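To convert, note that position 99 of the sequence shown is 432 in the UniProt record's numbering; the numbers rise steadily by one, no gaps.
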Amino acid sequence: PASGEELLKLEGVSKHFGGLKAVNEVSFSLRSGEILGLIGPNGAGKSTLFNVISGVLPPTSGKVTLHGKDISRFASRQIARLGMARTFQHVRLFPEMTLLGNAMMGGYTRAHAGMTRSLLHLERSEEAALQHAAAEQLGRVGLGNVFELAGNLPLGQQRILEIARALVADPTLLLLDEPAAGLRVGEKRELSALLRKLQGEGVTILIVEHDMDLVMNVVDRLVVMNYGEKLAEGTPREIQQHPAVREAYLGG
Ligand code: ADP
Ligand code: MG
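Here it is as structure tokens:
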């Protein structure tokens, strides 16, 4: 399914926090239509790398290009406007708001703090359009009861709701940080099916995930990180047979 041209490219990307090299000289690229898995032990630098790619944190050095455009120094909202959306490792929903209200938040390509304020300043027609888009994306991920409160959903559906919220921005590239964390087996199966469906609909996906069954079944290729560095890259089969990966990560 990895059809297309190079969508995202990382060249020697580093993010250091003082003396800690959280991400160190990481390079890889992602083709349009691909699902690429990013795996590695806790503390390997996966979430930090997501933060750099999505503009939450500037890189210490190195270059990130999206559609051939250098976005290394872009703010997160500029990057969002170029078609990148993400979820976070820890669920960030408004539990007292409806699914629809939460999904609508994804229509704002600006920082968290600004979202609620900008919702209040929407024109009626803009609000209607946003509601429509939010309802559409909730339907796309299979969340039907749009007036339910987000806090009433089981964790698995909260994570699906976060994906719907990201989809409201109509991304070409979706970054998912451990979307299956805490999910039950059935919920994981639903998540896998959703990821394949989105891929079929043309969404390119970069996914951090610890669940090896899910990862090995869903991704086209994998990048393995360890101590901030890229340890290996390849198909699931290649990675499973990779000696350094087995030793460092898969437990020998
Ligand atoms: P992973 O997502 O692979 O578990 P992280 O990217 O969260 O790893 O963390 C990589 C390393 O960077 C860890 O040692 C973590 O403590 C550190 N780290 C992450 N964010 C910060 C930060 N904002 N300031 C200082 N250290 C950080
Ligand atoms: Mg993480």
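We treat Cβ as the ideally placed atom computed from N, Cα and C, and that holds for glycine. Here the structure is a predicted model, which is why all the values come from computation and not from measurement.
Between the alpha carbons of R529 and N550 lies a gap of roughly 10 angstroms. In this structure, N435 is the residue among N435, A513, L508 with its C-alpha nearest to the C-alpha of V479. Relative to ligand 2, the nearest heavy atom lies less than 7 angstroms away from the CB of D510.
Here the region 516-535 does not lie against the region 343-363, with fewer than 3 beta-carbon pairs under 8 angstroms apart.
Residue state for A413 is assigned as helix, using DSSP reduced to three classes. Cβ-Cβ distances below 8 angstroms link G475 to I493, E523, L527 in the same chain, with the five nearest sequence neighbours on each side left out; the list follows chain order. A contact is defined here as three or more CB-CB pairs under 8 angstroms, and the region 535-547 meets this definition with respect to the region 492-509. Annotation: M430 is outside any beta strand (DSSP E) and is labelled neither H nor E by DSSP.
The beta-carbon distance between V501 and M437, rounded to whole angstroms, is 7 angstroms. This is short enough to meet the 8 angstroms contact definition.
CA-to-CA, the gap between L433 and H575 works out to about 44 angstroms. For the pair of segments examined, the region 558-565 was found to touch the region 366-374: the number of CB pairs separated by less than 8 angstroms reaches three. Distance from F361 to K563 at the Cβ level is roughly 7 angstroms; contact confirmed, criterion being Cβ atoms closer than 8 angstroms. If you draw a 10 Å sphere on the C-beta of R498, you find 16 or more other C-beta atoms in it, and that means buried. Not a single heavy atom of ligand 1 lies less than 7 angstroms from the C-beta of F421.
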